[in-house]
Amino acid sequence: MSFPTHRPRRLRQSPAVRRLVRETHLVPSQLVLPLFVREGIDAPVEISSMPGVHQHTLDSLRRAVAEAAEAGVGGVMLFGVPAVRDAVGSGADDPDGILNVATAAVAAEVGDALVVQTDLCLDEFTDHGHCGVLAPDGSVDNDGTLERYAAMAVAQAQAGSALLGLSGMMDGQVAVIRGELDAAGFTDTLILAYAAKYAGAFYGPFREAVDSQLKGDRRTYQLDPGNGREGVKEAVIDAEEGADIVMVKPAGPYLDVLAEVRAAVDIPVWAYQVSGEYSMIEAAAANGWIDRRAAIQESLLGIRRAGADAILTYWAVEAARWLRAEL
Ligand code: PBG
């Protein structure tokens with residue numbers, strides 16, 4: 074009888090050995106919690122397509138951020154849902170706009186415990202729902218949008234955001250915003266560039282979360298799902314323009330892009346496990362078709378293994394608590 078010369082199973086023989094040789098680990102500080110704050114409501118509203126996720130009032134937002142800090146997550150990413158919208162997204166750079174007010178409220182309280190971050194994009198603030206302003210022919214005007222982003226960046230930094238998440242996918246946005254921040258004295262404000270953001274179906278539940286007004290799609294600015302090289306190129310350009318961190322989004326369906334971006338740049342690479350990825354696991358778990366906790370942990374570990382240094386996930390607090398309990 075001949076025996077196998079290679080026995081990789083030796084490394085899997087017991088929980089203790091498996092734990093000792095595990096290559097990839099997640100820690101709470103690598104998780105970032107996205108949070109929605111909505112103007113003009115007196116109680117949190119659950120998002121029906123994202124069970125467990127809410128549009129917050131200012132008060133419930135404060136509590137949610139404190140809870141995230143307590144759980145040890147690395148940061149929170151704030152999204153605003155304004156009561157009134159217009160063509161240019163005036164609420165975005167108004168210091169009294171909901172996102173800036175909320176940022177100021179939480180940054181003052183927990184700014185030392187975790188990194189308070191803000192979404193920098195116009196889609197929540199425009200009445201047409203696009204991420205930029207529109208040209209007379211109805212197309213999204215890249216350079217006109219950059220001026221709006223620059224104003225928004227300064228307003229968010231002034232409100233106390235430590236890290237701006239540039240999610241609009243306009244060309245040149247990183248360079249323009251970096252220049253504007255520096256000129257205004259905000260040289261320490263971090264820029265996270267959503268470098269490789271793909272147009273697709275997985276943002277569906279988020280659009281409910283922010284009451285998106287969008288008709289049509291974002292295919293003239295977000296990436297085509299078939300294009301991996303183009304995603305890497307976007308990340309390289311954003312790093313050259315001065316991004317401190319680059320992001321791949323969504324995460325699960327784009328792990329190949331994530332791995333290639335990780336290899337192509339020498340700055341942190343993050344991934345956004347988006348609303349649709351959340352809702353799919355929640356829906357399957359609610360039907361008893363999948364082990365919820367195991368599926369969540371596996372999805373996060375896979376994103377980390379592919380190369381993400383940190384992950385934006387709606388499960389950040391829950392996952393952080395599990396990770397702490399396992400230590
Ligand atoms: C744009 C933005 C979107 C998301 C984050 N920032 C929506 C979009 O591009 O349509 C989606 C996040 C998610 O689906 O969880 N401001």
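Numbering (the working numbering), first residue to last: 74 to 400.
Backbone N, C-alpha and C define an ideal beta-carbon position, used for all residues, glycine too.
Relative to the ligand PBG, is the shortest distance from any of its heavy atoms to the C-beta of residue i smaller than 8 Å?
i    : result
P168 : no
R291 : yes
D192 : yes
Y327 : no
S122 : no
D200 : no
K288 : no
D196 : yes
S133 : no
Y222 : no
Apart from the five residues on each side of it in sequence, which residues of its chain come closer than 8 Å, Cβ to Cβ, to residue i?
i    : result
V146 : P101, S102, L104, V105, L106, L187, A389, V390, A393
A180 : V189, A232, G233, S234, A235
T176 : L151, V189, T191, Q229, A232, G233, S234
What three-state label does DSSP hand residue i in the structure shown?
i    : result
G148 : strand
D311 : helix
M225 : helix
K322 : strand
F279 : helix
R111 : strand
T218 : helix
From residue i to residue j, what distance separates their C-alpha atoms?
i    : j    : result
G211 : A160 : 11 Å
V338 : G304 : 12 Å
A156 : L131 : 14 Å
Q370 : D261 : 33 Å
L219 : G202 : 16 Å
L93  : S372 : 21 Å
E333 : V309 : 11 Å
A257 : V227 : 7 Å
A178 : R82  : 53 Å
R70  : V118 : Nothing in the structure corresponds to residue 70, since the chain is present only between 74 and 400.
I376 : I114 : 35 Å
D290 : W362 : 32 Å
Within a Cβ cutoff of 7 Å, which residues of the same chain sit near residue i, ignoring the five residues on either side of it in sequence?
i    : result
Y276 : V347, S348, G349
A142 : V183, A186, L187
K140 : The sequence as given places Glu at residue 140; Lys does not occur at that position. Cβ neighbours of E140 beyond the five flanking positions: V390.
G153 : V110, G170, I171, L172, A175, E197
Using a Cβ-Cβ cut-off of 6 Å (strictly less than) and excluding sequence neighbours within five positions of residue i, which residues of its own chain qualify?
i    : result
S240 : D192, C194, Y267
N215 : M243, D244
Sufficient close CB pairs (3 or more, under 8 Å) joining the segment 321–341 to the segment 374–390: yes
Inspect the CB distances between the segment 277–284 and the segment 243–254 and report whether three or more fall short of 8 Å. With the cut-off at 8 Å, the segment 277–284 and the segment 243–254 do not touch.
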